[in-house]
Amino acid sequence: MYQLAERLFPICRSLTGNGFRESLRILTEGLADIRTYEIPTGTQVFDWTVPKEWNIRGGYIETLDGKRVIDFADTNLHIMGYSTPIDAVISRDELLEHVYTQPDQPDWIPYVTSYYKERWGFCMSEKQKQALTEAQYHVVIDSDLKEGSLTLGDVVIKGETDEEIMFTTYLCHPSMANNELSGPVVWRALIDYVLAMPKRRYTYRFVINPETIGSIAYLSKNLDVLKKNLIAGFVLSCVGDNRTYSYVESKYANTLADRVVRNVLSYHYPEYKTYSFLKRGSDERQYCSAGVDLPVCGICRTKYAEYPEYHTSADDMSLISLEGLQGAYEVSTKIINALEYNAHYMMTCMGEPQLGKRGLYPTTSQKGLVDEVLALIDFIAYADGQGDLIEISNTIGVPVDILIPIVDKLTEHQLLIKK
Amino acid sequence: MYQLAERLFPICRSLTGNGFRESLRILTEGLADIRTYEIPTGTQVFDWTVPKEWNIRGGYIETLDGKRVIDFADTNLHIMGYSTPIDAVISRDELLEHVYTQPDQPDWIPYVTSYYKERWGFCMSEKQKQALTEAQYHVVIDSDLKEGSLTLGDVVIKGETDEEIMFTTYLCHPSMANNELSGPVVWRALIDYVLAMPKRRYTYRFVINPETIGSIAYLSKNLDVLKKNLIAGFVLSCVGDNRTYSYVESKYANTLADRVVRNVLSYHYPEYKTYSFLKRGSDERQYCSAGVDLPVCGICRTKYAEYPEYHTSADDMSLISLEGLQGAYEVSTKIINALEYNAHYMMTCMGEPQLGKRGLYPTTSQKGLVDEVLALIDFIAYADGQGDLIEISNTIGVPVDILIPIVDKLTEHQLLIKK
Amino acid sequence: MYQLAERLFPICRSLTGNGFRESLRILTEGLADIRTYEIPTGTQVFDWTVPKEWNIRGGYIETLDGKRVIDFADTNLHIMGYSTPIDAVISRDELLEHVYTQPDQPDWIPYVTSYYKERWGFCMSEKQKQALTEAQYHVVIDSDLKEGSLTLGDVVIKGETDEEIMFTTYLCHPSMANNELSGPVVWRALIDYVLAMPKRRYTYRFVINPETIGSIAYLSKNLDVLKKNLIAGFVLSCVGDNRTYSYVESKYANTLADRVVRNVLSYHYPEYKTYSFLKRGSDERQYCSAGVDLPVCGICRTKYAEYPEYHTSADDMSLISLEGLQGAYEVSTKIINALEYNAHYMMTCMGEPQLGKRGLYPTTSQKGLVDEVLALIDFIAYADGQGDLIEISNTIGVPVDILIPIVDKLTEHQLLIKK
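Residue numbers (my numbering), protein chains in the order written: chain S, 1 to 419; chain L, 1001 to 1419; chain H, 2001 to 2419.
What follows is the structure in structure tokens.
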């Protein structure tokens, strides 16, 4: 995963354009069933209109004697996203009106965009701005903003039922590592995981698009099927650092998606942070919007907007690690397994079964019972069809990971059925 | 409001009688639609019987040489409410059997009544009692207790629907300011407020009567219409001091009345005190009684029975202030406005609307979002028809006051409808 | 109760056998309606098979020169429950493979059984084991394990309705006092209490059997009637010491049985301990098992497995006391009374009734109200048919004991009916 992120890092992505397309091509190499959508500029998607396509080739600020002060070639964050082209000599004062910095983090270049109002701009560190002392500068942005299309992609992997589990992330950010190449590379690893599963109860939908407008466009094409089939969806964002785990609640924090994330994180990393939906900020905004109301929550390591490097040039490849990505991947596969096994189970016998005759219980009785036997008899007591596996796991304090072999063993002994 | 209270203060009111009638006349001066009820002595009202009417002209205790020790002319609290008449010279010992004091508050005269058993009595401070050292006294109470009637009043102001909001208070207390002239004068100001509203979704019912028997009598005449139409009612009592705000829960604390009071007070005065229904003591006793079960809770500044001056001569005009009355008035008008706007709203578009094109969202995206935009997008997310406006206000942490212009703006942009 | 326990203490009881039968005979002396069941060895009861019957006459370990080291005559705990017979001279090493001790409690003999695997064994204190220094020993266990039957007993006392309240306990433990002669002797006292009640709304079922297999066998014969009629059941276990009170929740802690236990203990002994169903260990395991799911919880003084003497020879007659047994008996009779009176009550009048004219309310009104009047008017307010008596008791903070005479008084004044 880390190497794939390294390969994608230098490409300048945005809401639209060839950087996005090239990144999507690399990210989905070898996937037979990737489907892409190109939605033309001007298309109405719900309340929004698909904007023009933006492409950029370069840009810089030079002194009049030809010394480059700022260059897109150094980092694509230097050009404001969706900047219109310019090639002019202008005064320092005029230039400064088009310069964006993050004054409270003077060494870092902020990530700034202007998707829906046409303007041009340079982003730089506050220190670089302070060093602009010449009277005039030559400014060049070699971009174009014209009719084109918005690119979306998805991979749908069929299971035994039409009920769906969705993982979604976004690919519209330029050179930032945690936000957001971490989501796409974990997303890709999960596709490979699901393809390798020997059998799948659920259909899996993996969606990737530019944030906000991309999700809106995707929903405008797929809302009916999602309303009908989606049982749990997860927005992967900022899943590459190694500091903590975070969970962003769905609107009412009461969906199966919320329940499984809380269950898995409570055993995997009990100190995980929960953020209310009021702290949302990624595509759960659209998936949980009024009328859409899908069962979708967010999974992060350190959440977007909660770490200092967020949306700056400091969110670089040193911020993420294989260990960080791997942790998010493991949480996600635990979620998949918990959902695959989640059901209302019922014992086939009345009273406790006689475990001793099946070699599942000690044959002498003295004070004390070991934990494995406790997990088994507690599961058996609650396998009454009332709560599903996740609820039983919460109630008896045993991770689903440990309940899965118990389910298998009891099923094999014909003591357990699904309700 | 304070001046009206000053004018009413000296009048000797009781459950029945001309003091009550005169106070009601002054309180409702200029109101075209005031309706009064006179319910004759002996009328059965639910489990109760309307008592005789009591009127009093004066009363005193004199030494045998004609020195007045206690005089009704000083304060009408000196005569026990519903005292029978007497004019006799009696021994000190006999007199003391008819003297009521509050020994733990030796400077203050307690407020004492005996509505349902005929007896006579004087109330005085413990110090005044200690000074009764003569062997004999001349005691005079010039009152009468005979067939008459119980007086109730209400003002009903029609709205677009028959659904009703009620404010009720009581006028049966003699010269005490907070308990209870504060309720009546705020009640009157609210009538003027509602009459001045440009339009009213709800019908407003303003009820005033003597406490307990008055509410029972009122309910016995109006229970059917209240059961059918009342959506929220509020007992105003002790709303004139300036110490805190209090809320007395309805029986199960789960009515719309409770919800709107908690919502408004939580933003207006977060330190407000909540009293369980077990701490009730005013007419919510009747409105929430078994079988009646109307959605009514109580609003106070410092609650009755919770301040030292309660039911004594120290509850005088110095205890209340315009500022104190004004605070209760403002809370009440906020309650009215919240109820008028309370509804289940739904967005008309899927996904978030594009606020930028309507000038409601910043056009460049960089870290950080201002509070007004947050209130707007949070409201939009929850405008899905599930929770009403009060619930959304609670969930997103934004006062209804601030949501009302947002509702208006989104409605105007045709983005919002009522469910 | 204590004397009955003393009489039963020396008898060697087990899952099956004559010790159990003799104990049951003594325990139910004088009861006309005791019903016993003998279920033959080999009978299938749900998932279990009734084991062979075990009887024991004696057993010891002797040195080769005839000195008795361990003797069943001293305490029947010395022979492992369900031990097969033996009469042999064996080496110390071989003997030690059949010796059970509780090394962390070196002075006490542990209680050990091997019901479902045939083996022989001696139980002794760790100190006794350390003293086994001879090379060879003569070991004798004079027991037999053969076709026979499992003994159950119940007493069903008819009431006005078929709805049932059940008390159950178990009699399969040898010489231990708290666990478990305390349960049986309190159980017997409750039978006498119920028989002496002047009238009974409910039918009472008193069940006694060996633990686990006995409950399973009992359920296999009575599940239909219990599923149909049981409204609340209680497992009495470890109810003889005098340290605390404990309550073991039913599976979801939401049955009438749970509600009444919590209510009674919260007033009787507010410091009582609550144990989740995850800490269960007695016959609630079977009564709450998946599919059975009866409304049954557990009542203890200090709970089994939570006191040091549990399942050892130190659980002797000095551990229990009449005071301890009496406390559990009183809690149980309070539970019975609360259930007998539990109903949804409704006032027959609207508004508060006029209590004064019935002598139930003070005739002068001044600050302050006494507790008895408060309990009365609070009960009246909540007697609206919504919550049952137990819920009202919880809400208004008044024990059911005190509400029962209020219910009687209001009923007598025709102010109250059952819904």
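Here a beta-carbon is modelled for each residue, glycine too, at the ideal position from N, C-alpha and C.
**Study point:** Neighbour flag for D2378 of chain H against chain L, beta carbons, 8 Å
**Key:** Chain L, which has a Cβ nearer than 8 Å to the Cβ of D2378 of chain H, makes this yes.
Review point. DSSP beta-bridge partners for I1123 of chain L?
Key: Per the sequence presented here, residue 1123 of chain L reads as Cys, with Ile not at that position. Paired residue(s): L:Y1100.
Review point. Is the beta carbon of V1248 of chain L sitting closer than 8 Å to the one on R1280 of chain L?
Key: For the pair V1248 of chain L and R1280 of chain L, the CB atoms are nearer than the 8 Å cut-off.
Practice item. Going by CA-CA distance only, name the one from H:F2167, H:A2135, H:R2301, H:S2313 that's closest to L2322 of chain H. Key: Of H:F2167, H:A2135, H:R2301, H:S2313, the residue nearest in Cα terms is H:R2301.
**Study point:** Cβ-based neighbour list, R1068 of chain L, same chain, cut-off 8 Å, excluding 5 preceding and 5 following
**Key:** Scanning its chain for C-beta atoms nearer than 8 Å, with the 5 sequence neighbours on each side dropped, one finds around R1068 of chain L the residues Y1060, I1061, E1062, in chain order.
Review point. Bridge partners of M1476 of chain L, per DSSP?
Key: For chain L, the structure presents residues 1001 to 1419; residue 1476 of chain L sits outside this window and is missing.
Check your understanding: Using the beta-carbon count (16 or more within 10 Å), is T133 of chain S buried or exposed?
Key -> Counting C-beta atoms within 10 angstroms of its own C-beta, T133 of chain S has fewer than 16 neighbours from the protein chains shown and is therefore classed as exposed.
Point to revise | Start and end residues, beta strand (DSSP E) containing D2241 of chain H | key: Premise fails: D2241 of chain H is in no beta strand (DSSP E) and is neither H nor E.
Point to revise | N-terminal and C-terminal residue of the beta strand (DSSP E) that I11 of chain S is part of | key: Per DSSP, I11 of chain S is not a residue of any beta strand (DSSP E), being assigned neither H nor E.
Practice item. Give me the Cα-Cα distance between K2129 of chain H and E2022 of chain H, rounded to the nearest whole angstrom. Key: Here the alpha carbon of K2129 of chain H sits roughly 32 Å from the alpha carbon of E2022 of chain H.
Exercise for review: Please list the residues of the segment 1396-1413 of chain L that have a C-beta atom closer than 9 Å to any C-beta atom in chain S, keeping them in chain order.
Suggested key: For the segment 1396-1413 of chain L, the set of residues with a beta-carbon nearer than 9 Å to any beta-carbon of chain S comprises I1396, G1397, in chain order.
**Study point:** Local Cβ density within 10 Å of L389 of chain S, reported as buried at 16 or more and exposed below that
**Key:** With a 10 Å radius around the Cβ and a threshold of 16 neighbouring Cβ atoms, L389 of chain S comes out buried.
Review point. Could you give the residue range of the alpha helix (DSSP H) that holds H1268 of chain L?
Key: Segment 1256-1268, the alpha helix (DSSP H) holding H1268 of chain L.
Review point. Cα-Cα, which of S:F167, S:I79, S:K117 is closest to V207 of chain S?
Key: Comparing C-alpha distances from V207 of chain S to each of S:F167, S:I79, S:K117 shows the shortest one belongs to S:F167.
Review point. Rounded C-beta distance between C2123 of chain H and P2103 of chain H? I'm assuming under 8 Å.
Key: Incorrect: roughly 13 Å between the Cβ atoms, too far for contact.
Practice item. Below 7 Å CB to CB, which residues in the same chain sit around N2055 of chain H once its five sequence neighbours on both sides are set aside? Key: Once the five neighbours on either side are set aside, the close Cβ partners of N2055 of chain H are G2017, N2018, S2143, D2144.
Practice item. Find the nearest neighbour of A217 of chain S within the set S:R7, S:L339, S:G42, S:K419, judged by alpha-carbon distance. Key: Out of S:R7, S:L339, S:G42, S:K419, S:G42 has the C-alpha closest to the C-alpha of A217 of chain S.
Exercise for review: Would you please verify whether the beta carbon of W1054 of chain L is less than 8 Å from any beta carbon of chain H?
Suggested key: Cβ-Cβ to chain H under 8 Å: no for W1054 of chain L.
Check your understanding: Any beta-carbon of chain S closer than 8 Å to the one on W2048 of chain H?
Key -> It does: the Cβ of W2048 of chain H has a partner Cβ on chain S nearer than 8 Å.
Practice item. Check the Cβ-Cβ distances between P353 of chain S and every residue of chain H, and say whether any is below 8 Å. Key: Cβ-Cβ to chain H under 8 Å: yes for P353 of chain S.
Check your understanding: Using the rule of at least 16 other Cβ atoms within 10 Å of the residue's Cβ for burial, across every protein chain shown, is L2064 of chain H buried or exposed?
Key -> By the 10 Å Cβ count, L2064 of chain H comes out exposed.
Review point. Got a sec: which bits of the segment 287-299 of chain S sit with their beta carbon under 8 Å from any beta carbon on chain L, in order along the chain?
Key: Flagged, chain order: C288, S289, A290, G291, V292, D293.
Exercise for review: Reducing DSSP to helix, strand and coil, say where R21 of chain S ends up.
Suggested key: The answer is helix: DSSP assigns R21 of chain S an H, G or I state.
Practice item. List the whole-angstrom C-beta distance separating D241 of chain S from Y307 of chain S, where the pair is believed to meet the contact cut-off of C-beta under 8 Å. Key: Your pair D241 of chain S and Y307 of chain S checks out as a contact, with CB atoms roughly 7 Å apart and the cut at 8 Å.
Exercise for review: Give the interface partners of C490 of chain S over in chain H, defined as CB-CB distance under 7 Å, in chain order.
Suggested key: Shown here, chain S extends from 1 to 419; a query on residue 490 of chain S therefore has no answer.
Review point. Hey, out of S:Y202, S:P270, S:T411, whose CA is closest to M347 of chain S's CA?
Key: A check of alpha carbon separations from M347 of chain S across S:Y202, S:P270, S:T411 identifies S:T411 as the nearest.
Check your understanding: Between the Cα of V239 of chain S and the Cα atoms of S:V89, S:I213, S:A177, which residue gives the shortest distance?
Key -> When S:V89, S:I213, S:A177 are compared, the shortest CA-CA separation from V239 of chain S is found for S:A177.
**Study point:** Residues sharing a beta bridge with N1055 of chain L, DSSP
**Key:** For N1055 of chain L, which the question treats as bridged, DSSP gives the partners L:D1144.
Review point. Which residue from H:A2131, H:H2098, H:Y2116 puts its Cα closest to that of P2106 of chain H?
Key: Nearest to P2106 of chain H by C-alpha distance, out of H:A2131, H:H2098, H:Y2116, is H:A2131.
Review point. Any beta-carbon of chain H closer than 8 Å to the one on L1015 of chain L?
Key: Cβ-Cβ to chain H under 8 Å: no for L1015 of chain L.
Point to revise | Distance CB(L325 of chain S)-CB(V140 of chain S) smaller than 8 Å | key: Their beta carbons are not under 8 Å apart, which means L325 of chain S does not touch V140 of chain S by this criterion.
Exercise for review: Consider the C-beta atom of T2255 of chain H and the heavy atoms of the ligand FAD; say whether any pair is separated by less than 7 Å.
Suggested key: Ligands are entirely absent from the displayed structure, and the ligand FAD is therefore not among its contents.
Exercise for review: Tell me, please, whether the CB atom of L2219 of chain H is closer than 8 Å to any CB atom in chain S?
Suggested key: At least one CB atom of chain S sits nearer than 8 Å to the CB of L2219 of chain H.
Point to revise | Extent of the continuous beta strand (DSSP E) run through D2087 of chain H | key: According to the DSSP assignment, D2087 of chain H belongs to the beta strand (DSSP E) that extends over 2086-2091.
Practice item. Give the straight-line distance between the Cα atoms of N229 of chain S and D162 of chain S, rounded to the nearest whole angstrom. Key: Between the alpha carbons of N229 of chain S and D162 of chain S lies a distance of about 6 Å.
Exercise for review: Look up W48 of chain S in the DSSP assignment and give the residues it is bridged to.
Suggested key: Looking at the DSSP assignment, W48 of chain S forms a beta bridge with S:V45.
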